[in-house]
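Novice: Below you'll find the structure I mean.
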Amino acid sequence: MDDLKHYIKNLANDFGFGHCGFAAARPLDIEFQHYLHWLELDFEGDMHYLSKYLEKRKNPLEILPTAKTIIVLAHSYKTPFEYPATSEPVGYIARYAWGDDYHDVLKEKASLIMQKLSEKVDFEYKIYVDTGPILERAWAVRSGVGWQGKNGNIINSELGSYIFLCVVLVSLELEPDIPAKDYCGTCQRCLLACPTGAIVQPKVVDARRCLAYWNIEAKPDVTPPQEISGKFGSRLFGCDICQEVCPYNKKNNFTQETRFYPRNGETALNLIEIFSMTQQQFSERFRRSPIKRKKLQGLKKNAEILFKNV
Ligand code: B12
Ligand code: SF4
Ligand code: SF4
Numbered sequence: 027m028d029d030l031k032h033y034i035k036n037l038a039n040d041f042g043f044g045h046c047g048f049a050a051a052r053p054l055d056i057e058f059q060h061y062l063h064w065l066e067l068d069f070e071g072d073m074h075y076l077s078k079y080l081e082k083r084k085n086p087l088e089i090l091p092t093a094k095t096i097i098v099l100a101h102s103y104k105t106p107f108e109y110p111a112t113s114e115p116v117g118y119i120a121r122y123a124w125g126d127d128y129h130d131v132l133k134e135k136a137s138l139i140m141q142k143l144s145e146k147v148d149f150e151y152k153i154y155v156d157t158g159p160i161l162e163r164a165w166a167v168r169s170g171v172g173w174q175g176k177n178g179n180i181i182n183s184e185l186g187s188y189i190f191l192c193v194v195l196v197s198l199e200l201e202p203d204i205p206a207k208d209y210c211g212t213c214q215r216c217l218l219a220c221p222t223g224a225i226v227q228p229k230v231v232d233a234r235r236c237l238a239y240w241n242i243e244a245k246p247d248v249t250p251p252q253e254i255s256g257k258f259g260s261r262l263f264g265c266d267i268c269q270e271v272c273p274y275n276k277k278n279n280f281t282q283e284t285r286f287y288p289r290n291g292e293t294a295l296n297l298i299e300i301f302s303m304t305q306q307q308f309s310e311r312f313r314r315s316p317i318k319r320k321k322l323q324g325l326k327k328n329a330e331i332l333f334k335n336v
């Protein structure tokens, strides 16, 4: 069993996953109670899909009845780039969206790992990269990948919090790792830095106040309340403020995965160029990028909000 675990960890490392953790495939308990409470408070806003398939979110065996272990893979998307110092009107893209869509990149890597493993042992599996009813952060904590920071993000002590998560349910019995210890201590930087007060208590984000909810998820015909839109600052797509201030993101440990590097070195977009962007230009520029789902109309709406605030 240890040999197999070692083999999987090595494979994960070869494919660029900086951490690979293991948890027993059992129903979540306290984490799920927290999740239900979060829904009761309507913190999910219009993301109604989050209140569906609750049994599956609680119990991975409802998804894969033969599951014995949950493997959690963490992949860094930290690159040596920063936002430009310019007097031009620009809007910042959150780091997770500088390059290719992580759903595709991680799913491809995890599938290759599972294929290799299948050559060694016979088993069933199911891969998720934000693609189903899985509480990915809860599993990341249980599997020892990282603790949930006060800003809600999973922090790995080596990689920081600029990491994507991939969860794989497997029918293999593998020794669980020790859940991650919380190292936030008395720090409160993220709580103090969030411009909208979206972190309502440590580890709990009210999505309806989070800029990332408004500038990524909101439909183009839905206008954010003035108290939120007035706080967009330079954040055009996504928001990293609560991670930028986190001391665990200060190390210069960059990912080798160039697909997460900013396209054309651009970490921000010129607002005037967005206003005149054609559909063809948008489709070409954001093919296989997370920004594609915002659609041109949505990106223009975000740019208008930023421009008004300049
Ligand atoms: C919906 C969603 C969002 C929403 C809501 C965010 C949120 N904080 O819930 C919006 C659109 C705002 C969003 C934003 C972002 N997201 Co997002 N998102 C998701 C998604 C699809 C579901 C998250 C979810 O279930 N939220 C509901 C809350 C309740 O669950 P939770 O975050 O796990 O929270 C736990 C705690 O709140 C805790 N809890 C609740 N109440 C209480 C009370 C107490 C006392 C305690 C101790 C704990 C506690 O229990 C919950 C369950 O375990 C996941 C993918 C997935 N399937 O899991 C990606 C995911 C969380 N997102 C991700 C990313 C990268 C982001 C952004 C960084 C993108 C950006 N730069 O703009 C921001 C970060 C914002 C933030 N500070 O959290 C990554 C995070 C990786 C990481 N290192 O943690 C994920 C895991 C996707 C992935 N596969 O990599 N996201
Ligand atoms: S992503 Fe931005 S708005 Fe959302 S909690 Fe973090 S700092 Fe606040
Ligand atoms: S900024 Fe401080 S409190 Fe917030 S997640 Fe990082 S270490 Fe934890």
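Each position in the sequence shown, counted from 1, maps to that position plus 26 in the numbering used here. All residues carry an ideal CB built from backbone N, CA and C; glycine is no exception.
Based on DSSP bridge pairs, tell me the residues matched to Ile153.
Specialist: In DSSP, Ile153 forms a bridge with Val194.
Novice: Would you call Lys334 buried or exposed, if buried means 16 or more other Cβ atoms sit within 10 Å of its Cβ?
Specialist: The residue in question, Lys334, is exposed, as its Cβ has fewer than 16 Cβ neighbours within 10 Å.
Novice: Can you tell me whether Tyr75 is buried or exposed, with buried defined as 16 or more other CB within 10 angstroms of its CB?
Specialist: Label assigned to Tyr75: exposed.
Novice: Extract the residue ranges of the beta strand (DSSP E) inside the region 258-301, only unbroken runs of 3 or more that lie entirely within it.
Specialist: Within the region 258-301, the complete beta strand (DSSP E) runs of at least 3 residues are 261-263 and 294-296.
Novice: Using CA atoms only, rank isn't needed, just tell me which of Ala244, Cys46 and Gly117 is closest to Gly71.
Specialist: If we check each option's Cα against that of Gly71, Ala244 comes out closest.
Novice: Which residues does DSSP pair with Gly186 in a beta bridge?
Specialist: Paired residues: Asn182.
Novice: Kindly identify the DSSP beta-bridge partner or partners of Thr304.
Specialist: Looking at the DSSP assignment, Thr304 forms no beta bridge with any residue, so it has no partner.
Novice: By the DSSP assignment, the alpha helix (DSSP H) with Cys216 in it spans what residues?
Specialist: Cys216 -> alpha helix (DSSP H) spans Arg215 to Ala219.
Novice: For the alpha helix (DSSP H) containing Leu65, list its first residue and its last residue.
Specialist: Here the alpha helix (DSSP H) through Leu65 covers Ile56 to Glu66.
Novice: Would you report the Cα separation of Tyr274 and Glu299, rounded to the nearest angstrom?
Specialist: So the two alpha carbons sit approximately 35 Å from each other.
Novice: How far does the alpha helix (DSSP H) with Gly324 in it reach, from first residue to last?
Specialist: Run containing Gly324: Lys321 to Asn335, per the alpha helix (DSSP H) assignment.
Novice: Among Leu297, Thr284, Lys78 and Leu62, which one has its Cα closest to the Cα of Ser113?
Specialist: Here the closest residue by C-alpha is Leu297.
Novice: Exposed or buried, which one is Leu195 when buried takes at least 16 other CB atoms within 10 Å?
Specialist: By the 10 Å Cβ count, Leu195 comes out buried.
Novice: Under 7 Å Cβ to Cβ from Leu262, same chain only, skipping five residues before and after it: list those, please.
Specialist: Closer than 7 Å at Cβ, skipping near neighbours: Gly117, Tyr118, Ile119, Asn241, Leu295, Asn328, Ala329 and Leu332.
Novice: Say whether chain E places a C-beta atom closer than 8 Å to the C-beta of Lys326.
Specialist: In the displayed structure, chain E is absent; only one protein chain is listed.
Novice: Report the option in Lys257, Leu161, Cys192 and Asp68 whose CA atom is closest to the CA atom of Cys79.
Specialist: According to the sequence displayed, residue 79 carries Tyr and not Cys. Considering only alpha carbons, the answer is Leu161.
Novice: In terms of alpha-carbon separation, which member of His101, Lys104, Pro53 and His60 lies closest to Leu87?
Specialist: That would be Pro53, whose Cα lies nearest to the Cα of Leu87.
Novice: Candidates Gly175, Asp40 and Ile96: which alpha carbon is nearest Glu270's?
Specialist: Ranking the options by Cα distance to Glu270, first place goes to Gly175.
Novice: Could you have a look at Ser255 and say whether DSSP puts it in helix, strand or coil?
Specialist: In this structure, Ser255 counts as helix in the three-state DSSP scheme.
Novice: What residue does the alpha helix (DSSP H) around Ala244 start on, and which one ends it?
Specialist: Note, Ala244: premise wrong, no alpha helix (DSSP H); not H, not E.
Novice: Would you check if there are 3 or more beta carbon pairs closer than 8 Å linking the region 182-199 to the region 225-239?
Specialist: No: fewer than three Cβ pairs fall under 8 Å.
Novice: DSSP puts Gln227 in a beta bridge; with which residues?
Specialist: Val230, per the DSSP bridge assignment.
Novice: On a Cα-Cα basis, can you pick out the residue from Leu30, Val131 and Val147 that is closest to Thr157?
Specialist: Of the candidates Leu30, Val131 and Val147, the one whose C-alpha sits nearest the C-alpha of Thr157 is Val131.
Novice: By how many angstroms is the C-alpha of Phe312 removed from the C-alpha of Met140?
Specialist: Roughly 29 Å between the two C-alpha positions.
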